[in-house]
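Peer 1: Here's a structure for you.
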Amino acid sequence: MSQQSNYKFFQGEAWACFFLRMWIGMRLMFAGLTKFYVKNEEGGWTFDPENAKYVMSNITSTMETNTAIPKFMLDQYSTVLPWALLVVGASVMFGFFTRISLFLAGALVLSLSFGLMLLPDDTAAVERGVEIIVVGLALMTVKHNVGAVDNLIGLAFSKDEEEEA
Numbered sequence: 200m201s202q203q204s205n206y207k208f209f210q211g212e213a214w215a216c217f218f219l220r221m222w223i224g225m226r227l228m229f230a231g232l233t234k235f236y237v238k239n240e241e242g243g244w245t246f247d248p249e250n251a252k253y254v255m256s257n258i259t260s261t262m263e264t265n266t267a268i269p270k271f272m273l274d275q276y277s278t279v280l281p282w283a284l285l286v287v288g289a290s291v292m293f294g295f296f297t298r299i300s301l302f303l304a305g306a307l308v309l310s311l312s313f314g315l316m317l318l319p320d321d322t323a324a325v326e327r328g329v330e331i332i333v334v335g336l337a338l339m340t341v342k343h344n345v346g347a348v349d350n351l352i353g354l355a356f357s358k359d360e361e362e363e364a
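For the sequence shown, my numbering begins at 200 and goes up steadily by one.
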């Protein structure tokens, strides 16, 4: 590991990006997981894609009743949303294509904000606004990213500075 790599590892911006990335990833991934998990007879939890349909149907009916968004759009959104939360959340947390993943995370949160503003659910919309700020901060610090799969791939295929000289 070069001195520059060591220095980057100890920078505050690097850890800021790491902690922001972890928070965003966990927030999205767990929001997605809660749509799928259902308690079974033994008291444990089971991953059930049908439960996501049930959970999302409740949300869709509220949106259909209180907004002008057409049902066919709500149905498509409710089918994609739980999977998108799960995949994008995991991608952000592990640092797969970090910039793209953070951009998609921001787009997901913004799409949720749109629906909440139409209801209007001001408190939840403001909470999503705070999440947008957190995603923005993560995007601003992403050039200092540490602890991501992106970095491992980059380290595996990059040359040392000494080799280039």
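Even glycine gets a Cβ: it sits at the ideal position worked out from N, Cα and C. Here the structure is a predicted model, which means the values were calculated and not measured.
Bridge partners for residue 238 per DSSP, in chain order?
Peer 2: In DSSP, residue 238 forms a bridge with 244.
Peer 1: Give the secondary structure of residue 297 by DSSP, where H, G and I count as helix, E and B as strand, and everything else as coil.
Peer 2: Reduced to three states, the DSSP call for residue 297 is helix.
Peer 1: Determine the direct distance from the alpha carbon of residue 287 to that of residue 303, and round the result to whole angstroms.
Peer 2: Spanning the two alpha carbons is a distance of roughly 7 Å.
Peer 1: Please identify the residue among 295, 232 and 210 whose C-alpha is closest to the C-alpha of residue 244.
Peer 2: Ranking the options by Cα distance to residue 244, first place goes to 232.
Peer 1: With H, G and I counted as helix, E and B as strand and the rest as coil, what does DSSP make of residue 349?
Peer 2: It is helical.
Peer 1: Would you mind giving the Cβ-Cβ distance between residue 219 and residue 284, rounded to the nearest angstrom? I have them listed as a contact below 8 Å.
Peer 2: Residue 219 to residue 284, Cβ: 17 Å. No contact.
Peer 1: For residue 246, which residues in the same chain have their Cβ closer than 7 Å to its Cβ, ignoring the five residues on either side in sequence?
Peer 2: These residues qualify, in order along the chain: 235 and 236.
Peer 1: What are the complete alpha helix (DSSP H) segments, minimum 4 residues, inside the region 255-340?
Peer 2: The qualifying runs are 270-293, 297-317 and 321-340.
Peer 1: So, for residue 334: in the same chain, excluding its five sequence neighbours on each side, which residues have a beta-carbon less than 7 Å away from its beta-carbon?
Peer 2: If we look at residue 334 and ignore the five residues flanking it on each side, its Cβ neighbours are 223, 301, 304, 305 and 308.
Peer 1: Does DSSP classify residue 250 as helix, strand or coil?
Peer 2: Reduced to three states, the DSSP call for residue 250 is helix.
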